[in-house]
Amino acid sequence: MTEPVVHHTARRRVRLVAATGAAAVAGALVTAAPPVASAAPAPASESRTGRLSSTSTATGTGGAVSSVDVNASRIGRQVLAEGGNAADAAVAMASGLGVSEPYSAGIGGGGYFVYYDAKKDEVSTIDGRETAPSGITNDAFVDPATGQPYPFTPQLVSSGVAVGVPGTVATWDAALKRFGTRSLKRTLAPSIALARKGFVVDQTFRNQTLDNAERFSAFPDTARLFLPRGDAPKVGTRFRNPALARTLTSIATKGPRAFYRGALAREISSVVRSPRKDPSSALPAPAGTLSTKDLASYRVRHQAPTHVRYRGLDVYGMAPGSSGGTSVGEALNILETYRLGGGRRTARSLHLYLEASARAFADRAAYVGDPRFTKVPTKRLTSQRFANARRCSIDQTTASTRPVAAGNPYASGCATVSTQDRPDTENVSTTHLSVVDRWGNAASYTLTIEQTGGSGMTVPGRGFLLNNELTDFTAAYDPDDPNRIAPGKRPRSSMAPTIVTDRGRVRYVVGSPGGATIITTVLQILVNRIDLGMTLPQAVAAPRASQRNTASTPAEPGFITAYEKLLAPYGQRLTPSGDTFTSAAEIGAAATIEVGRGGRLTAVAEPRRRGGGSALVVRPR
Ligand code: GLU
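Residue numbers for the sequence shown follow my numbering, so the first one is 67 and each next one is one higher.
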């Protein structure tokens, strides 16, 4: 299931600039970091966690985990407490999230796994992205009845044609074989128990189900599972998924071939090629071409992470086909050329954060796609030289007219190239988990089935949803677009699982869901923490803005309240953020960890977004 291994040795270099210098702390924003005002605070015990108690910040030693869900975090903490390493815990948590976050992740989807091996001082990645089937055509998203592209939602997103070959099971297998110490069987046991026993439904799960009710109703097998008796499961009831428990048990005992070959593979292919739609539904649910051969030939890719230096730290991310590593890296490289800080410098720092981000988005649109299909200048995009050139179009006092043109990484100086503007979507789907173990290994893993609820199609009797990841290809058929559809190609992603090391030791593990806003969420948390003097809990809680090369910047209500006036003199305009599908104003749902002096661990999940996440350590302080 795997290809040759490439990795990157983390360099033990002397730190050049203090990561959280005293000056930055002194001027810090304390005031500039009000907690998000948009989401109603919910006591942890009633939120995402059902009856389990949960905290969003935990400090201590012996290992740490962070995720959006207490069931998953508990599983991860248990693995660490019993002597498992970060890879073991990450896989166990991911399969737990597939049970308790079935609309965001699971075996029907894909993701990216970034791993720091402390002994080897090495960062490696596993690309478990979904892949377009070999039979797809580049006009697959055009409705033959009208000659026009299918409307994006709910038509295209609820279809067989949007389903990519899932990569998650292969990722788990590869992660355990390369980095783990435990078998798949042992690792999946806690999530199998969770699926059997069930988890307590909270408001977030109920809302996500209701948001999808129309799509789910179009597919009777999905409705039977997630809309029992015609309604979303009630808050406080237990949601059991025995079918998923059986599917996971079969994967646990027989390995990935129980998913990629045999009966389940035939069933997946059959559902995609002939969606089981309620005949009375108006959804067209166009069929895909995914075949058993596509499943049998799925392979994860091992490639070097992206790497940039920022304020003396080493920042590692996911290389293309994800645009996460190049975009976060390019923006950091641009910001590296400025002195940022909190207090009096907050407004200017945020202005530069928005400007750097706009350029990173212009460049990802122009250059990033699946590197097996398009030439992606990853090294150039993440070079300090290119960032210095991109800086020349930034005015430190005035917002640029956006969209800004893409830079030219093949030329020197300020050269830009004209490209077509390709808008992207803003979602709150997907999920992220972060782990650090007692030996200093770390896993940063973002996984998804694309939008919340994926394609809306379950595999009958198997208990899981199929992804609609292929909607991440750009729908237009511009031959210059690095992200256009092709058979066997992986759609460009924004997922940005990130590991930051400091002289050969993990310092931060960061990641988030949120479609294209993932990039800005990861970037903003790093800037908040490293430059603006916030603690990690403040950096995560702080309200967010996501500049993706548009004239005005979508921002959470708390950000608008705190910074609109401060940013107005720079000509920066803010507009309320809104998820494309659910109208939620939240940006991201991060899960992070910091390793401090003497190995002290601070795990930080969201205090409020998505109902609040769960951070745990093995030995609380
Ligand atoms: N499909 C998205 C990506 O790979 C993730 C889904 C989301 O977070 O909305 O960037």
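Glycine included, C-beta positions come from ideal geometry on N, C-alpha and C.
Asked                                                                                                                                                                              : Found
By a C-beta neighbour count over all protein chains shown, 10 Å radius and 16 as the cutoff for buried, is K343 buried or exposed?                                                 : buried
Spell out a yes or no on whether the stretch 495-512 and the stretch 145-157 are touching, meaning 3 or more CB-CB pairs, one atom from each, closer than 8 Å.                     : yes
If you run the structure through DSSP and keep just helix, strand and coil, what is Y419?                                                                                          : helix
Below 8 Å between beta carbons: does that hold for L428 and I400?                                                                                                                  : At residue 428 the sequence reads Ala, which differs from the Leu that was named. Going by C-beta atoms, A428 is not nearer than 8 Å to I400.
For the stretch 185-223, list the beta strand (DSSP E) runs that are entirely contained and at least 3 residues long, ordered along the chain.                                     : 188-194
On the criterion of 16 or more Cβ atoms from any shown chain inside 10 Å, does E630 qualify as buried, or is it exposed?                                                           : exposed
Tell me the start and end of each unbroken beta strand (DSSP E) in the stretch 448-525 that is at least 3 residues and wholly inside, in chain order.                              : 497-503 and 508-514
Looking at the unbroken beta strand (DSSP E) that takes in S161, where does it start and where does it end?                                                                        : Taken as a continuous stretch (DSSP letters only), S161 belongs to no beta strand (DSSP E), being part of the alpha helix (DSSP H) at A152 to S166.
My output table needs one value for Y543: the three-state DSSP class, helix, strand or coil.                                                                                       : coil
Per DSSP, Y382 is paired with what?                                                                                                                                                : H373 and I565
Relative to the C-alpha of D544, which candidate in D461, D205 and Y169 has its C-alpha closest?                                                                                   : D205
Between which two residues does the beta strand (DSSP E) carrying V301 extend?                                                                                                     : No beta strand (DSSP E) contains V301, which DSSP labels as neither H nor E.
Might you give, ordered along the chain, the residues of its own chain that have their beta carbon closer than 6 Å to the beta carbon of A605, omitting 5 neighbours on each side? : I591, N594 and R595
Tell me whether the stretch 363-375 and the stretch 224-244 touch, counting them as touching only if at least three CB pairs, one residue from each stretch, are closer than 8 Å.  : yes
DSSP puts R571 in a beta bridge; with which residues?                                                                                                                              : D568
Going by C-alpha distance, which of R569, E672 and G581 is nearest P557?                                                                                                           : G581
Could you give the first and the last residue of the continuous alpha helix (DSSP H) run that contains D277?                                                                       : Q269 to D277
Determine the burial state of D461: buried for a count of at least 16 other Cβ atoms within 10 Å of its Cβ, exposed for fewer.                                                     : exposed
Between L356 and A284, is the Cβ-Cβ spacing less than 8 Å?                                                                                                                         : no
Using only CA atoms, which one of S161, A481, A236 and V227 lies nearest to G321?                                                                                                  : A236
Are the stretch 219-231 and the stretch 533-543 in contact at 8 Å, needing three or more beta carbon pairs?                                                                        : yes
Taking only three categories from DSSP, how would you classify I584?                                                                                                               : helix
Looking at Q462 and ligand 2, is the gap between the Cβ and the nearest heavy atom below 7 Å?                                                                                      : This structure lacks ligand 2; the ligands present are ligand 1.
Go through its chain and collect everything with a Cβ distance to S335's Cβ below 8 Å, but skip five positions before and after it.                                                : L356, S357, T358, D360 and L361
If we ignore side chains and look at the alpha-carbon of each, how far apart do L330 and S200 end up?                                                                              : 19 Å
From this set, A138, A279 and A353, which residue's C-alpha is nearest T253's C-alpha?                                                                                             : A138
Return helix, strand or coil for S170, following the three-state DSSP convention.                                                                                                  : coil
From this set, A455, T372 and T412, which residue's C-alpha is nearest T403's C-alpha?                                                                                             : A455
Taking A618 as the reference, give the member of R375, N307 and L420 with the closest Cα.                                                                                          : Note that residue 618 is Ser in the sequence shown here, rather than Ala. S618 has its Cα closest to that of L420, out of R375, N307 and L420.
Tell me whether I48, by its Cβ, gets closer than 7 Å to a heavy atom of ligand 1.                                                                                                  : There is no way to answer for residue 48, as the model of the chain reaches only from 67 to 687.
For the pair the stretch 163-172 and the stretch 507-521, tell me if three or more CB-CB distances fall below 8 Å.                                                                 : yes
Check whether the Cβ atoms of I551 and I202 lie closer than 8 Å to each other.                                                                                                     : yes
Does the count of Cβ pairs from the stretch 559-573 and the stretch 378-390 closer than 8 Å reach three?                                                                           : yes
Decide yes or no for the touch test of the stretch 564-575 against the stretch 173-191: beta carbon pairs closer than 8 Å, at least 3 of them.                                     : yes
Need the endpoints of the beta strand (DSSP E) that I659 sits in, please.                                                                                                          : A657 to V661
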